[in-house]
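All remarks here apply to the structure that follows.
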Amino acid sequence: MQNLLPEPPATRLPADAEADKALAEAATTGSEQAFKAVAARFPSYSAAWAPLAAAALAANEPVTAYAYARTGYHRGLDALRRSGWKGHGPVPWAHEPNQGFLRCLHALSQAAAVIGEADEAARCAQFLRDSDPAAADALT
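With positions in the sequence shown counted from 1, the corresponding number in our numbering is that position plus 152.
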């Protein structure tokens with residue numbers, strides 16, 4: 153059976169050259185403080201929150217990871233809505249500015265699972281796969 157309803161167009165977040173540069177510089181040091189400085193300077197930039205969430209998960213600090221990931225996730229939802237997203241439709245992994253949001257969504261799923269929020273973990277994992285199966289494949 154074929155779905156006759158058209159799928160909404162893919163949402164592509166705008167690039168932020170200044171934030172991208174700051175994040176790349178932080179990545180060269182790998183310092184948590186450097187990533188925190190980027191998040192403080194660019195709080196609406198989801199890509200700044202993703203490495204903080206990943207580092208907290210790696211350090212077995214799931215509540216901290218959950219907080220970082222949820223912040224990046226919500227800031228990403230705000231950006232998606234400003235870019236025309238209506239609550240569903242593709243968010244392509246191949247479009248690099250989308251990757252911060254998608255990484256936060258994945259980290260939120262992981263952190264939720266660790267702290268016992270199984271329903272939220274499952275919802276986030278499905279949202280990631282619905283956004284772009286390539287993102288789920290790349291991150292899991």
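Think of the CB as a built atom: it goes at the ideal place given N, C-alpha and C, for glycine as much as any other residue.
These numbers come from a predicted model, not from an experiment.
C-beta contact flag for GLY241 and PRO158 at 8 Å: Against a cut-off of 8 Å, the Cβ pair of PRO158 and GLY241 comes out as no contact.
First through last residue of the alpha helix (DSSP H) which encompasses CYS164: The displayed chain sequence assigns Arg, not Cys, to residue 164. Premise fails: ARG164 is in no alpha helix (DSSP H) and is neither H nor E.
Can you tell me whether DSSP reads LEU157 as helix, strand or coil? Here DSSP, grouped into helix, strand and coil, assigns LEU157 to coil.
Counting only the same chain and skipping the five closest in sequence on each side, list residues whose C-beta sits under 6 Å from that of SER149. The chain is shown from 153 up to 292; residue 149 falls before or after that span and cannot be answered.
Below 8 Å, how does it come out for the region 231–250 and the region 176–190: are there three or more Cβ pairs, yes or no? The region 231–250 and the region 176–190 do not touch, with fewer than 3 CB-CB distances between them shorter than 8 Å.
Based on Cα-Cα distance, which residue from ASP271, ALA263, GLN278, ARG281 lies nearest to LEU204? Of the candidates ASP271, ALA263, GLN278, ARG281, the residue whose Cα lies closest to the Cα of LEU204 is ALA263.
Of the choices ASN212, TYR220, LEU291, whose alpha-carbon is the least far from that of VAL266? ASN212
Please tell me whether PRO244 and PRO166 are closer than 8 Å, where the distance is taken between their beta carbons. no
Alpha-carbon spacing of PRO294 relative to ARG233, whole angstroms: The structure shown has nothing for residue 294, since the chain only spans 153 to 292.
Boundaries (first-last residue) of the alpha helix (DSSP H) holding PHE285: Just to set this straight, residue 285 is Pro in the shown sequence, not Phe. Where PRO285 is concerned, the enclosing alpha helix (DSSP H) starts and stops at 285–291.
For ASP168 and ALA274, what's the separation of their Cα atoms in angstroms? 31 Å
Could you tell me how far apart the beta carbons of ALA200 and ALA171 are, in whole angstroms, since I believe they sit closer than 8 Å? 7 Å
Among the residues of its own chain, which have a CB less than 7 Å from the CB of ALA217, if the five just before and after it don't count? ALA205, ALA208, LEU209, ALA259, ALA263
ALA191: which of GLU272, THR292, ALA287, ALA221 sits nearest, CA to CA? ALA221
For HIS258, which three-state DSSP category applies? helix
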